[in-house]
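Here the numbering used here is used: the first residue of the sequence shown is 4, the next is one more, and so on.
For each residue, glycine too, the CB sits at the ideal point set by N, CA and C.
See below for the structure under consideration.
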Amino acid sequence: MIISKTPLRVSFVGGGTDLPEFYQDYGGAVLSAAIDKYIYVILKERFDRRICINYSRKETVEDVEEIQHELVREAMRRTGVRDGIEITTLADIPSEGSGLGSSSAVTVGLLNALYAYQGQQQPAERLAQEACEIEIDTLKKPIGKQDQYIAAYGGVRLIRFRMAEGVEVIPATVNGGGTRRLADRLLLFFTGRTRRADEILTDQRANIPDRIAVLKDMRDQAEDLRERLEAGDLAALGLALARGWELKKRLSNRITCDDLDELYARARAAGAVGGKIAGAGGGGFLLLYCEPAQQARVRQALSGLWELEFGLERDGSKIIFNIRS
Numbered sequence: 004m005i006i007s008k009t010p011l012r013v014s015f016v017g018g019g020t021d022l023p024e025f026y027q028d029y030g031g032a033v034l035s036a037a038i039d040k041y042i043y044v045i046l047k048e049r050f051d052r053r054i055c056i057n058y059s060r061k062e063t064v065e066d067v068e069e070i071q072h073e074l075v076r077e078a079m080r081r082t083g084v085r086d087g088i089e090i091t092t093l094a095d096i097p098s099e100g101s102g103l104g105s106s107s108a109v110t111v112g113l114l115n116a117l118y119a120y121q122g123q124q125q126p127a128e129r130l131a132q133e134a135c136e137i138e139i140d141t142l143k144k145p146i147g148k149q150d151q152y153i154a155a156y157g158g159v160r161l162i163r164f165r166m167a168e169g170v171e172v173i174p175a176t177v178n179g180g181g182t183r184r185l186a187d188r189l190l191l192f193f194t195g196r197t198r199r200a201d202e203i204l205t206d207q208r209a210n211i212p213d214r215i216a217v218l219k220d221m222r223d224q225a226e227d228l229r230e231r232l233e234a235g236d237l238a239a240l241g242l243a244l245a246r247g248w249e250l251k252k253r254l255s256n257r258i259t260c261d262d263l264d265e266l267y268a269r270a271r272a273a274g275a276v277g278g279k280i281a282g283a284g285g286g287g288f289l290l291l292y293c294e295p296a297q298q299a300r301v302r303q304a305l306s307g308l309w310e311l312e313f314g315l316e317r318d319g320s321k322i323i324f325n326i327r328s
């Protein structure tokens, strides 16, 4: 049996500049952090050579090409595992529409587990790159590259997307008390709304030619925020989230709505310095930066929402159990 454990993430600033329609001409950058909520992939050999997959539904098939779960199918094709296996995916939170990078965490975790099943240990760069190839090139999802890389690498990272398709992953050292002090100032609330990111991102991509100046500002925010965090200026994150959210809303009219704007306004009025809807927008989780002295007021203002308590995660996808019978 093999078990992989892959973190979800919160994206601070720069999201949208990881789309090829932008970074291939201008270069992109995001600042993201892995969190201590995970996707688990469990692999077990089957004696009958069939393929059994357990997720929100159950599939039992004879051949890889019959698999309906497209991430499992493509990860198996990529790694060369063809049959005789049972795969179960588990998530710490409901994965669909959360805005926390769950789909890419599933892909990275599948690749990691399937390679380990064959006795191979692959570096984070390869896991991230192959997850991008599966989701973007093979499955034609209208997504960027940040989720795959932060899931594979973990930590707090500045991720640069080069014009020539290269990706550079740089640790963002958080001084002034470290990542624990930073995490103590972050709150996550489930908005009660889920959405399909594909629809929002398709619209966002179509608008890129008219939003170049906005995206350049978002890219530059990521570089600037890394410098500020390394200088110990944790409060800069709250201000960056506030400004970044205003910029992000200009990318597509699907990113927010009156209900989400009202929730955000209540949080700001109660003392949150800044925040954003996680991921593509439209629903999922509301991420807020709030000093500890104001957090009780913010929680009261959002008392109708479920809060997800979390910390930041140092590690990326890893194998936590590996026993072959």
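- According to DSSP, residues forming a beta bridge with G31: F164
- Item | Selected residue, minimal CA-CA separation from E128, among A175, G169, K143 | G169
- Query: For K219 versus G19, is the C-beta distance shorter than 8 Å?
  - Reply: no
- Query: Do three or more CB pairs link the region 309-327 to the region 261-269 at distances below 8 Å?
  - Reply: At 8 Å Cβ cutoff, the stretches do not touch.
- Task: Assign D21 to buried or exposed, taking buried as 16 or more other Cβ atoms, counted over all protein chains shown, within 10 Å of its Cβ.
- Result: A residue is called buried when at least 16 other Cβ atoms come within 10 angstroms of its Cβ; D21 meets this threshold and is buried.
- How many angstroms separate the CA atom of I211 from the CA atom of G158? 29 Å
- Given A134, which residues of its chain have a CB within under 8 Å of its CB, disregarding the five upstream and five downstream residues? S107, T110, V111, L114, Q151, A154, A155
- When the distance is taken between beta carbons, is R300 closer than 8 Å to E24? no
- Kindly identify the DSSP beta-bridge partner or partners of G277. Y292
- Message: I need the boundaries of the beta strand (DSSP E) containing G115, first residue and last residue.
- Response: In the sequence as presented, Gly is not what sits at residue 115; that position holds Asn. Element bounds for N115: not the beta strand (DSSP E) but the alpha helix (DSSP H), 105-120.
- Taking the C-alpha atoms as reference points, what is the distance between N178 and T205? 37 Å
- Could you tell me the boundaries of the beta strand (DSSP E) in which T92 lies? 88-94
- Item | Proximal residues to V172 (C-beta, below 7 Å), its chain only, five neighbours per side dropped | Y152, Y156, R160, I162
- Message: Under DSSP, the alpha helix (DSSP H) around E226 begins and ends at which residues?
- Response: 215-233
- Message: Does G278 pass the burial test, meaning 16 or more other C-beta atoms within 10 Å, or should it be called exposed?
- Response: buried
- If you run the structure through DSSP and keep just helix, strand and coil, what is D39? strand
- Message: I'd like the list of long-range same chain contacts for C55, defined as Cβ closer than 6 Å, with 5 residues on each side in sequence excluded.
- Response: T63, E89
- Query: Looking at C-alpha atoms only, which residue of E73, R183, T91, Q121 is the closest neighbour of P295?
  - Reply: R183
- Query: Which one of L291, Y58, R246, M166 has the shortest CA to CA distance from A304?
  - Reply: L291
- Item | Contact under 8 Å by Cβ, A78 with I137 | yes
- Buried/exposed call for K8, threshold 16 Cβ in 10 Å: buried
- Task: Kindly indicate which residue of G181, G122, Y41 has the alpha-carbon position closest to the one of I326.
- Result: G122
- Query: Does DSSP put P23 in a helix, a strand or coil?
  - Reply: When secondary structure is reduced to three states using DSSP, P23 falls in the helix class.
- Task: Would you mind sorting E316 into buried or exposed? The rule is 16 or more other CB atoms within 10 Å of its CB.
- Result: Buried.
- Taking the continuous beta strand (DSSP E) assigned at I173, which residues delimit it? For I173, the uninterrupted beta strand (DSSP E) segment begins and ends at 170-174.
- Message: Measuring only the C-alpha atoms, how far is V13 from F164?
- Response: For the pair V13 and F164, the Cα-to-Cα distance works out to about 18 Å.
- Pairwise C-alpha distance: I38 and Q149: 14 Å
- Query: Can you give, in chain order, each stretch of the beta strand (DSSP E) that sits fully within the region 238-285 and has at least 3 residues?
  - Reply: 277-280
- If we count the other Cβ atoms within 10 Å of its Cβ and call it buried at 16 or more, is R229 buried or exposed? buried
- Mind checking which residues open and close the alpha helix (DSSP H) that includes V301? Going by DSSP, V301 is part of the alpha helix (DSSP H) stretching over 298-304.
- Query: Which one of D227, I258, E69, L242 has the shortest CA to CA distance from A200?
  - Reply: I258
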